[in-house]
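Please read the structure below before turning to the comments.
2 protein chains.
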Amino acid sequence: MLLTVRHGRLSVLLVERRNEPFAGQWALPGGFVEADEDLDDAARRELVEETGVSLEPNHLEQLRSYGAPGRDPRRRIVTIAYVAFTDVPEAPVAGDDARRARFFAVDDLLVEPLGQCEGTPLAFDHARIVADGVERARAKLEYTTLATAFVDEPFTLGELRRVYEAVWGMPLHEANFRRKVLGTPGFVEPTGATAPTDGRPAQLYRKGGATSLHPPILRPT
Amino acid sequence: MLLTVRHGRLSVLLVERRNEPFAGQWALPGGFVEADEDLDDAARRELVEETGVSLEPNHLEQLRSYGAPGRDPRRRIVTIAYVAFTDVPEAPVAGDDARRARFFAVDDLLVEPLGQCEGTPLAFDHARIVADGVERARAKLEYTTLATAFVDEPFTLGELRRVYEAVWGMPLHEANFRRKVLGTPGFVEPTGATAPTDGRPAQLYRKGGATSLHPPILRPT
DNA sequence: TTAATAGTGTCTATGAGACATTATGCA
DNA sequence: TGCATAATGTCTCATAGACACTATTAA
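These protein sequences, in sequence, are chains D and A.
Here numbering that gives the first Met the number 0 is used: the first residue of the first sequence is 0, the next is one more, and so on.
Here numbering that gives the first Met the number 0 is used: the first residue of the second sequence is 0, the next is one more, and so on.
Right, here's the structure in full:
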């Protein structure tokens, strides 16, 4: 599952299935692990094959496994779901098994009934998987530097803040956000350059060496 | 993987393998998922079959999946690891595939080189799985009410504190711990009864309805 | 000048760590 | 009485939320 922030909204990359079951419905990209392939490698490979998106730099992590009997109508399938985070990538290209591939804003998908997507539900139990992945992303912004995986370097603190706002779906206090990010050693480091904005130009930053945040940046209640 | 607190130490239930590969070495209990069985059910069933421990009430959750090629010398095996938390259960009974089953304190296991157990390493990549499960337990004590899964009801705040101290491996401030637990609505609720101790008798508590902690109880640095 | 965003300073409430003190049982 | 643990109170410091204010660009 590839998550990114587009147009200020947290979005997930889906493919329209060409084949049964669930032909014509949208689904997460995925496929079968090869005989001597590590799980992480399989996740990366399937993402490239089905969507044309090859993400080198950013972040890929295992989400969890789904194995309820009947979740695939053909036969017992256990899926090991992965989540990837990236800045907006090149336009996705549908692979052989898919008619189309495109991004959907998760807050359109995750309203009840869960996983309605252009009028039809997501294939399999993929609505649940998307919900779990989104919650993982939201939680990880609190106590890790994951937000930097959603922006292109170099970035401004405004861009980083808009990542938090898109993923959490709420506005943040500009001044307090700045204080917390800059007060965490290794979260970001200044490049010295500035970028133009609609107002005063903003300092540009790179990712720092830190991966976890102490103290965390908690979601407002 | 069953974790519990025994004699003030966080401990994991292991079985001594009867068969190759790794015959005679200690390993996590486990086995194969049946055709129409949910993953959670398989985890519970294998725990009973291999160790005689049937845990009804407490807590069982998926940890993560391990699928590196070569992690089983026979053939490609993908393991979906589960962690269970319980108060000290009945004495374990080794199943057919195991010679013995008993608890090991995790801080004996998790010193370098990782996973030495009675002089020999743990089977497969189980030392890594134990390390991941222990870290899951440590993290979950911070922001959930998981600690109550390690004690028998009713319990005193002293007993609950000793769970934290065993899992985190450090002493906690008695007065501050009490303030934080009692200040979190729904963490515990008093029964009205008291239990004798070596000093002043202690109030007894039940688990409350809360599952997450706001604010979290963070590990001291 | 105005609009828009970046960036700084400060007040206050809250929660955590540290520590002192009291309470209640038993040997 | 002394010891051990439970339970309460309080002081201080760090951090978060809220808000006021200044800085720097473009239209």
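Glycine included, C-beta positions come from ideal geometry on N, C-alpha and C.
Measure the alpha-carbon distance for residue i versus residue j and round it to whole angstroms.
{"i": "Ala-146/A", "j": "Glu-111/A", "result": "27 Å"}
{"i": "Phe-176/D", "j": "Ala-201/A", "result": "44 Å"}
{"i": "Arg-205/A", "j": "Val-187/A", "result": "6 Å"}
{"i": "Gly-132/D", "j": "Pro-28/D", "result": "14 Å"}
{"i": "Thr-144/A", "j": "Thr-210/A", "result": "5 Å"}
{"i": "Gln-115/D", "j": "Ala-194/A", "result": "54 Å"}
{"i": "Thr-196/D", "j": "Lys-179/D", "result": "22 Å"}
{"i": "Gly-30/A", "j": "Met-0/A", "result": "12 Å"}
{"i": "Asp-239/A", "j": "Asp-35/D", "result": "This structure gives no information on residue 239/A, because the portion of chain A shown stretches from 0 to 220."}
{"i": "Phe-103/D", "j": "Leu-109/D", "result": "11 Å"}
{"i": "Leu-181/D", "j": "Asp-151/D", "result": "18 Å"}
{"i": "Arg-75/D", "j": "Gly-157/D", "result": "46 Å"}
Return the residue from the list the options that minimises the CA-CA distance to residue i.
{"i": "Ala-165/A", "options": "Pro-68/A, Arg-5/A and Leu-1/A", "result": "Arg-5/A"}
{"i": "Gly-218/A", "options": "Asp-197/A, Glu-134/A and Phe-186/A", "result": "The sequence shown places Arg at residue 218/A, rather than the Gly named in the question. It is Glu-134/A whose Cα lies nearest to the Cα of Arg-218/A."}
{"i": "Tyr-81/D", "options": "Leu-2/D, Pro-91/D, Lys-179/D and Leu-181/D", "result": "Leu-2/D"}
{"i": "Ala-22/A", "options": "Val-92/A, Phe-123/A and Lys-179/A", "result": "Phe-123/A"}
{"i": "Asp-106/D", "options": "Pro-88/D, Arg-137/D and Val-77/D", "result": "Arg-137/D"}
{"i": "Val-47/D", "options": "Pro-88/D, Leu-203/D and Arg-127/D", "result": "Pro-88/D"}
{"i": "Gly-185/D", "options": "Val-14/D, Gly-207/D, Arg-8/D and Arg-199/D", "result": "Gly-207/D"}
{"i": "Thr-183/A", "options": "Phe-154/A, Pro-153/A and Ile-216/A", "result": "Ile-216/A"}
{"i": "Ala-26/A", "options": "Gln-61/A, Arg-99/A and Ala-41/A", "result": "Arg-99/A"}
{"i": "Thr-220/D", "options": "Trp-167/D, Asp-39/D, His-58/D and Pro-91/D", "result": "Trp-167/D"}
{"i": "Ala-126/A", "options": "Arg-8/A, Leu-9/A and Leu-13/A", "result": "Leu-13/A"}
{"i": "Ala-90/A", "options": "Gly-51/A, Asp-37/A and Leu-203/A", "result": "Gly-51/A"}
Could you give the first and the last residue of the continuous beta strand (DSSP E) run that contains residue i?
{"i": "Thr-3/D", "result": "1-5"}
{"i": "His-58/D", "result": "58-65"}
{"i": "Leu-13/D", "result": "8-16"}
{"i": "Arg-222/D", "result": "The structure shown does not extend to residue 222/D, since chain D is modelled only from 0 through 220, so no value can be given for it."}
{"i": "Ala-192/A", "result": "187-194"}
{"i": "Leu-203/A", "result": "201-206"}
Using a C-beta cutoff of 8 Å, does residue i count as contacting chain D?
{"i": "Ile-79/A", "result": "yes"}
{"i": "Gln-202/A", "result": "no"}
{"i": "Val-133/A", "result": "no"}
{"i": "Pro-257/A", "result": "As shown, chain A starts at 0 and ends at 220. That puts residue 257/A outside it, with no answer to give."}
{"i": "Glu-45/A", "result": "no"}
{"i": "Gln-61/A", "result": "yes"}
{"i": "Ala-34/A", "result": "yes"}
{"i": "Ala-67/A", "result": "yes"}
Should residue i go down as buried or exposed, given a rule of 16 or more other Cβ atoms within 10 Å for buried?
{"i": "Arg-73/A", "result": "exposed"}
{"i": "Gly-191/D", "result": "exposed"}
{"i": "His-213/D", "result": "exposed"}
{"i": "Ser-224/A", "result": "The requested residue 224/A does not occur in the structure, where chain A is confined to residues 0 to 220."}
{"i": "Ala-148/A", "result": "buried"}
{"i": "His-172/A", "result": "exposed"}
{"i": "Met-169/D", "result": "exposed"}
{"i": "Phe-84/A", "result": "buried"}
{"i": "Thr-119/A", "result": "exposed"}
{"i": "Gly-66/A", "result": "buried"}
{"i": "Val-92/A", "result": "exposed"}
{"i": "Pro-153/D", "result": "buried"}
Over what stretch of residues does the alpha helix (DSSP H) that includes residue i continue unbroken?
{"i": "Thr-50/A", "result": "38-50"}
{"i": "Ile-79/D", "result": "Element bounds for Ile-79/D: not the alpha helix (DSSP H) but the beta strand (DSSP E), 78-84."}
{"i": "Glu-141/A", "result": "125-142"}
{"i": "Ala-22/A", "result": "Counting along the chain, Ala-22/A falls outside any alpha helix (DSSP H), and DSSP gives it neither H nor E."}
For chain A, check one thing: does any of its Cβ atoms lie closer than 8 Å to the Cβ of residue i?
{"i": "Ala-83/D", "result": "no"}
{"i": "Gly-182/D", "result": "no"}
{"i": "Leu-38/D", "result": "yes"}
{"i": "Ser-64/D", "result": "yes"}
{"i": "Arg-75/D", "result": "yes"}
Between residue i and the ligand NAD, is there a pair consisting of the residue's CB and a ligand heavy atom that are separated by less than 7 Å?
{"i": "Trp-25/A", "result": "Looking at this structure, you won't find the ligand NAD or any other ligand, since it has none at all."}
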